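A.B. asks: Dropping the structure in here first, questions after.
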Amino acid sequence: MTTTSVNPNDGLQSPRSPFLSVSVTDPAKMGNGVQAYISYKVITKTNFPEYQGSEKIVIRRYSDFVWLYDRLFEKYKGNFIPPLPEKNTVEKFRFSAEFIEVRRQALDTFVNRVASHHQLQQSDDLRIFLEADEQTMERARSQDTGIFKKKQTDLMQIFRDVQSKVTDVVMGKEKPVEESNPEYEKLKRYIFELEDHVAEAQKHAYRLVKRHRELGQSLADFGKAIKLLGACEKDALGTAFTELGAKSEMLSIKLQRKAHHLLMNFEKPLKDYVRAVQSIKGTIAERANAFRQQCELAEQIKLKEIDLNKLRILRSERMLDAEHEYEELKAEGQEATKRFEAIALLMNEEIVRFQDQKTQDLGRAFHEFAKGQARLAHAIADAWRSLIPKLDSLSVS
Amino acid sequence: MMSYEKHGFEEPQSHEPINSLVLHDHQFAEIPTSDASPNSFIDPPSYAEAVFRSFDNTQTNQHDDDVSTSAPSASHTYLKISVNDPRKKHDLADSVGSGGKNYLTYLITTYTNLPEFNGTEFSVRRRFKEVVMLSDQLSEAYRGFFIPTRPDKGMVESQVMQKHEFVEQRRVALEKYFRKLAAHLVIRRSEDLRAFLQVQGDLPLMKTENVAAVADSRGKGGGDLVRRFKELRQSVTYGWGGTKPPLVVEEDKDFLERKTKLQDFEVQLSSVSLQAESLVKAQQDIGETMGQLGLVFVKLTKFETEEAVFISQKTRAKDTKNMATSSVKASRLYRELNSKTIKHLDKLHDYLGVMLDVNNAYSDRSNALLTLQTVVTEISILNSRIEKLEAAAFKVFGADRSRFQKIDELKETLRVAEDAKNQAVKEYKRIKDTNKTEFERLDEEKREDFFGMLKGFVVNQAGYAEKMASVWETFAKETSGYAQNSS
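So the protein lines, in turn, are chains A and B.
Numbers in this note's numbering are just positions in the first sequence, counted from 1, shifted up by 67.
Numbers in this note's numbering are just positions in the second sequence, counted from 1, shifted up by 1036.
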């Protein structure tokens, strides 16, 4: 299953213009026991000059994707890095077919989004991820001294840390080193509240999947029981019971299928939405960091200036050194300001893209939901309707 | 749109049995059409009720014919009983010192054109004790029949149920009970029932011995003689060191076959009833979750609309709103579907009750058989005793007066026993015949009731599925712009 770029805005279809198309397929269980894990095939097709060839296939595992995410997050501050599916810590679901498929799709979406992002796609780390042989990849992974590659690789925990830090900042628990930018304030509040709403929607979507399964199960049980009733009843009534039971069992299968469809096409996009919002919170934290650094340096520069003036008046021999330091600090300050402003700028671009993207994604999710529900409802109606003439004829026989 | 609308109107009118689907309409309150949602985003239900009105004649069946009768003769007579207006009454007769016992009475209203009632509309107030009494009377008078079982005596001592909930439950149960009685072509003619429904003031409290005094030519007369004989028998058997009652062995093959089949049916029915409950719960749950999902999207819509900075947000808000509306509509449809499903599948539960009634009739039968066999055994014992005595008496020269006296006594007892036996035979035969006709009646009604249930269930499911399909198709069309080219 080869998916071309997910983002229609960056349609890189024609062979003339540069394209980078990736797909994540063929999950396979590797290893045994506690060490066991799932590996995926990552297929790249590209005409980017930096890449080795036009087509490459590599084997990657989940922690490789995490590595890529961390690198991108570190290097591309200000950009909204596409979210990754969470690490599943519940042992018994780790190798269930459904879980593997859901994760594969999420990973595929992740890489595709990175590949279609006009800044992120330029990343060297992406290239390494897509091209490097397994040993190089492993080396890169173990060498990683990224800020976020601490003891935990659990992204959720990272987000939580970041979230609480940002919340503290937003709530004013820490020293007020906040931007006085009303638009940005609004955005921050929006993102935080949005997360709650979307998370709740996802929760209910998941519940709805479960309900479909439960309804399917009860239809199966009901069908079976009523068939048994039909078996001990004679003549027409017995036949009627049996036919109804059979229909009920048939519909149960349809419902189970629908539950799966719902999970893939509705719950998943909502889950994705939640992660995306959480990822943005990470970027917000980065911006706050950058702003803080800028402020701190500005403070230091001011202090240094005062100090320098003092030394000038005193005509101290330390004045030259102090001047030196002062200039250095000023340069650092300018760097910090540039960094911060770059982040702010990028964020503004990203937020527009994000809103557009989410409207598309959600619209599609709604459409799939509606289509699926309509299809199921029709199937149910047809199944029961087909029974009516039979019941009629049996009741008079 | 599918042709379900056509079906919705055509089918119910062309098939008689469908009207019998709705038995206890007022037990299930109509779904409130005013939307409980505080949000102005959601439109009130427009078409939801319309299609099924003719199918589910809730209001128009109030004064129709008896609901579950199949015999043609019933169509010209009616006996409609309703139970309402529970009220507390004070029983002064029970008062000891201050106050007295409080008890509840129910207003029992009857509409009928049966000749023996001499009236078409009347009401009485009765308390539960009197219902118990009536039930006992009917059990005696109609042995062999599948007599509807009365509601339970016990008061539920739980925190969960309030007194008024209990009272309402009992009122509903009583009404159901009387309707079942009224539906039984034979039992509805009972004099006991008539007195209960019509005679004003307290009915005389019945002592069990008075049962024999109640005039009923129907074959209860045997009870009197048989009992007298039982008393005699006790003295006879104890005199001889006790005799064990003979084992009851039913030999009627036809009966045994039917009984076995019905027992199988009962087992499976019980299992279906259980699964039906699960099904109803699952339907309820999915409807609820759908509704909750809708509400979440309502909130999200409001949020995005308020916070909208970009046009894409406004578009998204619109989509989300439509999603919310559709979900809430679907949730409502599930709720309606479910309340109707409950009505239909309740038939399963009703028949579990009928199985109890049938079991009572089996008891009547086996009791009658036991009585007969007991009498027969005692007769043969008596005969052999008489023989022995007679043989011994003639051996002795100079006849023993006391012995001859004894023989005469025994012969008298034997005569009584023979009479009792004749009565017992008649009674047993009567019960057998009653069982047979009842089985046939049950078969007929079962067939009709269950076909009605199945069809009602199926039409219901189909109809609501079609309604839901239409809701989602509309929304799918509204969002068709987002359709993915590749998937």
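For each residue, glycine too, the CB sits at the ideal point set by N, CA and C.
What you are looking at is a predicted structure, and each value in this text was computed from that prediction instead of being measured.
Is it buried or exposed for P1151(B), if we count other Cβ within 10 angstroms and need 16 for buried?
C.D. replies: Exposed: under 16 other Cβ atoms inside 10 Å.
A.B. asks: Using three-state DSSP, classify S121(A) as helix, strand or coil.
C.D. replies: If DSSP states are grouped into helix, strand and coil, S121(A) belongs with coil.
A.B. asks: Does DSSP put R1123(B) in a helix, in a strand, or in coil?
C.D. replies: Reduced to three states, the DSSP call for R1123(B) is strand.
A.B. asks: Is the stretch 1505-1516 of chain B close to the stretch 427-440 of chain A, with three or more CB pairs under 8 angstroms?
C.D. replies: Touching, per the Cβ criterion.
A.B. asks: What's the gap between the Cα of S1523(B) and the Cα of Q1311(B)?
C.D. replies: Summary for S1523(B): the model assigns pLDDT 42, below 50, so the residue's position carries little reliability; its value from the coordinates is reported in the next sentence. Cα to Cα, S1523(B) sits roughly 38 angstroms from Q1311(B).
A.B. asks: Confirm, please, whether the CB-CB distance from S90(A) to A303(A) is below 8 angstroms.
C.D. replies: Taking 8 angstroms as the Cβ cut-off, A303(A) and S90(A) do not qualify as a contacting pair.
A.B. asks: In whole angstroms, what is the alpha-carbon distance linking D191(A) and V1334(B)?
C.D. replies: C-alpha separation (whole angstroms): 44 angstroms.
A.B. asks: In this structure, does DSSP put E334(A) in helix, strand or coil?
C.D. replies: Of the three classes helix, strand and coil, the one that applies to E334(A) here is helix, per DSSP.
A.B. asks: Please list, in chain order, the residues of the stretch 1305-1328 of chain B that have any C-beta partner in chain A closer than 7 angstroms.
C.D. replies: Flagged, chain order: L1305, S1307, V1308, Q1311, A1312, S1314, L1315, A1318, Q1319, D1321, I1322, T1325, M1326 and Q1328.
A.B. asks: If we cut at 8 angstroms on Cβ distances, does D423(A) have a partner in chain B?
C.D. replies: Taking Cβ atoms only, chain B reaches closer than 8 angstroms to D423(A), which makes this a yes.
A.B. asks: Please give the ranges of any alpha helix (DSSP H) in the stretch 341-399 of chain A, keeping only runs that are unbroken, at least 4 residues long and fully inside the region.
C.D. replies: Listed in chain order, there is nothing to give.
A.B. asks: Considering only residues of the same chain and omitting the five flanking positions on each side of A292(A), which have a CB-CB separation below 8 angstroms?
C.D. replies: Hits under 8 angstroms: G312.
A.B. asks: In the structure shown, what three-state DSSP assignment does N1358(B) receive?
C.D. replies: Helix.
A.B. asks: Under a CB-based cut-off of 8 angstroms, is L458(A) close to chain B?
C.D. replies: Answer yes: the Cβ-Cβ gap between L458(A) and chain B drops below 8 angstroms somewhere.
A.B. asks: Could you tell me which of A1218(B), N1120(B), I1144(B) and R1230(B) sits nearest to E1204(B), measuring between CA atoms?
C.D. replies: It is N1120(B) whose Cα lies nearest to the Cα of E1204(B).
A.B. asks: With 16 as the cutoff for other CB atoms within 10 Å, does D388(A) come out buried or exposed?
C.D. replies: Answer is exposed; the Cβ neighbour count stays below 16.
A.B. asks: Can you tell me which of Q1173(B), E1176(B) and A1209(B) puts its alpha carbon nearest to the alpha carbon of D1188(B)?
C.D. replies: When each option's Cα is compared against that of D1188(B), the closest is A1209(B).
A.B. asks: Could you have a look at I1183(B) and say whether DSSP puts it in helix, strand or coil?
C.D. replies: Coil, per DSSP.
A.B. asks: On the DSSP letters alone, give me the boundaries of the beta strand (DSSP E) that A103(A) sits inside.
C.D. replies: No beta strand (DSSP E) contains A103(A), which DSSP labels as neither H nor E.
A.B. asks: Starting from the C-beta of A1249(B), find all residues in its chain whose C-beta is less than 6 angstroms away, skip the five residues before and the five after it, and write them out in chain order.
C.D. replies: Reliability fails at A1249(B), whose pLDDT of 36 lies under 50, so the model's placement of it is uncertain and the value that follows must be treated cautiously. Excluding residues within five positions, none has a Cβ falling inside 6 angstroms.
A.B. asks: For a test of the three-state rule: what should DSSP assign to V91(A), helix, strand or coil?
C.D. replies: DSSP places V91(A) in strand when its eight states are reduced to three.
A.B. asks: Looking only at C-alpha atoms, which of K154(A), E117(A), V101(A) and I167(A) sits nearest to Q188(A)?
C.D. replies: The shortest C-alpha separation from Q188(A) is found at E117(A).
A.B. asks: Identify each residue in the stretch 358-386 of chain A for which the Cβ-Cβ distance to at least one residue of chain B is less than 8 angstroms, and report them in chain order.
C.D. replies: Those residues of the stretch 358-386 of chain A that come within reach of chain B (Cβ to Cβ, closer than 8 angstroms) do not exist; the list is empty.
A.B. asks: Note down, in chain order, each residue of its chain lying with its Cβ closer than 7 angstroms to the Cβ of G1330(B), except the 5 sequence neighbours on either side.
C.D. replies: The answer, listed in chain order, is A1360, S1363, V1364 and S1367.
A.B. asks: Q1409(B) versus chain A: which residues are under 7 angstroms apart at the beta carbon?
C.D. replies: The premise fails here: Q1409(B) is roughly 31 angstroms from chain A at the closest Cβ pair, so nothing lies under 7 angstroms.
A.B. asks: Confirm, please, whether the CB-CB distance from Q284(A) to S315(A) is below 8 angstroms.
C.D. replies: No, the pair does not count as a contact, with Cβ atoms beyond the cut-off.
A.B. asks: Just to check my reading of the structure: L364(A) and G400(A) have Cβ atoms closer than 8 angstroms, yes? What is that Cβ distance to the nearest angstrom?
C.D. replies: Yes, L364(A) and G400(A) are in contact; Cβ-Cβ is about 4 angstroms, under 8 angstroms.
A.B. asks: Any chance you could list the beta strand (DSSP E) runs of at least 3 consecutive residues sitting entirely within the stretch 148-193 of chain A, in chain order?
C.D. replies: DSSP runs (the beta strand (DSSP E)) wholly in the stretch 148-193 of chain A: none.
A.B. asks: Between which two residues does the alpha helix (DSSP H) harbouring S1306(B) extend?
C.D. replies: It spans K1289 to E1343 - the alpha helix (DSSP H) in which S1306(B) sits, taken as one unbroken run.
A.B. asks: Per DSSP, which residues does V1160(B) bridge with? Please list them.
C.D. replies: DSSP lists I1144(B) as partners of V1160(B).
A.B. asks: Could you work out which residue in F308(A), F289(A) and G290(A) is closest to A298(A) when comparing CA atoms only?
C.D. replies: Considering only alpha carbons, the answer is F308(A).
A.B. asks: Under a three-way DSSP split, which group does N146(A) fall into?
C.D. replies: Looking at N146(A) - three-state DSSP - the assignment turns out to be coil, as it is neither helix nor strand.
A.B. asks: Looking at the strands, I want to know which residues DSSP matches up with R128(A).
C.D. replies: DSSP lists S106(A) as partners of R128(A).
A.B. asks: With 8 angstroms as the threshold, decide whether the Cβ of V1364(B) is near any Cβ in chain A.
C.D. replies: For V1364(B), the answer is no, since every Cβ of chain A falls outside 8 angstroms of its Cβ.
A.B. asks: Do T1004(B) and L1233(B) have their C-beta atoms within less than 8 angstroms of each other?
C.D. replies: Residue 1004(B) is absent from the model: chain B starts at 1037 and stops at 1523.
A.B. asks: Taking only beta-carbon atoms, is D288(A) less than 8 angstroms away from chain B?
C.D. replies: Yes, contact with chain B.
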